[in-house]
Amino acid sequence: MEPWQQELAQTIRTLDQLDVLVPIAQRETMRAVLKNMRLAITPHTAKLIDFANPQDPLFLMTVPQARELDFSPEELTDPIGDEAKSPIPFLTHRYPDRVLVYVTFFCSAYCRFCFRRFKTGQATPGPTADDRERVCAYLRAHPEVDEVILTGGDPLTLVDAQLQEWLAALRAVPTVTRIRIHTRVPVNLPSRITPGLISLLRGAMDATHPVYVVTHFNHPCELAPENIAAIAALVDAGIVVRNQAVLLRGVNDDAVTLRALFKRLTDVRVVPYYLHQLDLARGTGHFRVAIETGIALMRALQGTTTGIALPRYMLDLPGGHGKVPLGTAWLARQEDGAYRAESPLGAAVTYHEPSEKSPT
Ligand SMILES: *Cc1c(COP(=O)(O)O)cnc(C)c1O
Ligand code: SF4
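In terms of the working numbering, the sequence shown has 406 at position 154, counting the first letter as 1, and numbering is strictly consecutive.
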């Protein structure tokens with residue numbers, strides 16, 4: 253067993269194990285909570301949590317709460333319509349040029365706000381070799397798809413041999429140039445980023461066939477030395493690493509925390525890619541921040557934060573309709589045809605646009 257597998261074996265998965273760190277008052281309620289979404293906290297993350305402080309951001313993201321049983325009528329089991337756009341098992345095809353492939357529904361740790369908890373929260377079985385063959389046949393029949401996003405669950409919880417099978421199968425489809433891996437392993441299980449894994453990813457790349465890693469840090473406290481080392485190993489190998497964060501009440505819903513998160517990520521060579529509005533997953537209401545607040549937060553960061561650290565703020569529409577960027581309308585057309593802008597530093601500016609010249 254590799255050290256990361258040993259760490260997985262020592263992960264907190266039961267209420268009795270959790271009780272040692274934080275006394276559990278309502279056992280029956282907690283059992284009901286874990287029926288919807290299983291529990292897992294890795295030793296690495298447990299070490300970073302302040303279990304004496306229920307407001308600790310890492311505590312909030314990982315320790316189950318009774319409030320997960322409160323559902324609003326707007327919340328859905330399949331909040332972004334993954335199932336609605338799934339032509340074959342384990343694949344979602346929503347946009348013309350890229351597909352999601354679910355290679356496992358297992359995660360190293362379970363996030364209490366998980367948008368795909370209707371799958372990851374249960375012990376849902378992953379794809380078999382036949383399913384993988386069907387996915388590849390679909391890709392061969394759809395040459396317009398040039399990018400495959402491995403997701404789940406967490407693809408990097410597969411052992412090297414399983415991951416290698418997926419990468420080899422995808423590389424045998426000539427129309428797929430880009431492989432993207434969506435993973436929270438660099439956050440919760442950095443020991444998984446082994447030299448063996450790095451060489452496997454390197455082996456799936458050449459000058460025109462990249463592998464991208466998109467990870468998921470939500471708070472600057474998640475960037476411990478082990479996490480930074482794991483990121484450095486990926487980046488040093490030539491893999492571009494981007495980050496998708498989720499806007500979470502009590503965790504990162506203030507400009508100071510978001511700015512620190514995006515800047516620290518940038519300093520360890522991770523590109524902040526998206527800040528997601530929390531999806532309408534059932535039982536996540538206590539984490540939700542109003543869209544208006546999210547827009548105001550992003551507006552506060554504009555101009556006061558280096559541009560290379562600023563992600564786009566995104567809303568994934570229910571029903572499988574896809575993601576849209578949210579934000580301030582910085583520019584508005586006036587009746588006289590001029591534009592009125594508000595500068596990031598608060599000044600009102602008028603912009604007169606010259607009329608278009610004919611090219612000939
Ligand atoms: C989010 C998502 C993607 C990736 O979208 P990008 O904007 O390229 O990051 C692809 N397919 C599905 C079904 C998605 O939900
Ligand atoms: S790592 Fe991703 S899929 Fe897994 S529990 Fe967290 S949010 Fe859900």
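By construction, the Cβ of each residue, glycine as well, lies at the ideal position given by its N, Cα and C atoms.
These numbers come from a predicted model, not from an experiment.
{"Query": "Provide the residue(s) that pair with residue 566 in DSSP beta bridges, ordered along the chain.", "Result": "528, 577"}
{"Query": "Residue 428 and residue 483 look like a contact to me (Cβ under 8 Å); what is the Cβ gap, rounded to whole Å?", "Result": "Contact doesn't hold; Cβ gap of about 25 Å is too wide."}
{"Query": "Where does residue 350 fall in DSSP's three states?", "Result": "strand"}
{"Query": "Hey, how far is the Cα of residue 444 from the Cα of residue 467?", "Result": "13 Å"}
{"Query": "How many angstroms separate the CA atom of residue 304 from the CA atom of residue 293?", "Result": "16 Å"}
{"Query": "Quick check on this structure: which residue in 376, 411, 326 has the alpha carbon closest to the alpha carbon of residue 404?", "Result": "376"}
{"Query": "Can you name the start and end residues of the beta strand (DSSP E) that residue 402 belongs to?", "Result": "399-403"}
{"Query": "Cα separation between residue 507 and residue 461?", "Result": "37 Å"}
{"Query": "Hey, is residue 347 close to ligand 1, as in C-beta under 7 Å from one of its heavy atoms?", "Result": "yes"}
{"Query": "Just curious, the beta strand (DSSP E) that residue 549 is in, first and last residue?", "Result": "Element bounds for residue 549: not the beta strand (DSSP E) but the alpha helix (DSSP H), 543-553."}
{"Query": "Please classify residue 248 as buried or exposed, where buried requires at least 16 neighbouring CB atoms within 10 angstroms.", "Result": "Only positions 253 to 612 of the chain appear in this structure, which leaves residue 248 out of reach."}
{"Query": "Runs of 4 residues minimum, wholly inside the region 296-376: which ones carry the alpha helix (DSSP H) assignment?", "Result": "309-314, 369-372"}
{"Query": "Using a threshold of 8 Å, state whether the C-beta atoms of residue 535 and residue 280 are closer than that.", "Result": "no"}
{"Query": "Please list the terminal residues of the continuous alpha helix (DSSP H) segment that includes residue 283.", "Result": "279-288"}
{"Query": "Quick check for students: name the residue ranges of the beta strand (DSSP E) that lie wholly in the region 459-529, counting only runs of 3 or more.", "Result": "463-467, 492-498, 523-528"}
{"Query": "Assess contact between the region 374-390 and the region 412-422, defined as three or more Cβ pairs (one per stretch) separated by less than 8 Å. Is contact present?", "Result": "yes"}
{"Query": "Just to confirm before moving on: does the CB-CB distance between residue 364 and residue 317 stay below 8 Å?", "Result": "yes"}
{"Query": "For ligand 1, is there a heavy atom less than 7 Å away from the beta-carbon of residue 580?", "Result": "no"}
{"Query": "Looking only at its chain, what residues have a beta carbon closer than 7 Å to the beta carbon of residue 512, apart from the 5 residues adjacent to it on each side?", "Result": "472"}
{"Query": "Which full runs of the alpha helix (DSSP H) of 4+ residues lie inside the region 381-465, going along the chain?", "Result": "381-393, 412-423, 437-440, 447-455"}
{"Query": "Below 7 Å, is the gap between the Cβ of residue 371 and the nearest heavy atom of ligand 1?", "Result": "no"}
{"Query": "Is the beta carbon of residue 570 closer than 8 Å to that of residue 332?", "Result": "yes"}
{"Query": "Check residue 583 in the structure and name its three-state DSSP category.", "Result": "strand"}
{"Query": "Using a threshold of 7 Å, is the CB atom of residue 575 nearer than that to any non-hydrogen atom of ligand 1?", "Result": "yes"}
{"Query": "Name the residue from 440, 488, 266 whose alpha carbon lies nearest to the alpha carbon of residue 451.", "Result": "488"}
{"Query": "Check whether the Cβ of residue 368 lies closer than 7 Å to any heavy atom of ligand 2, and answer yes or no.", "Result": "yes"}
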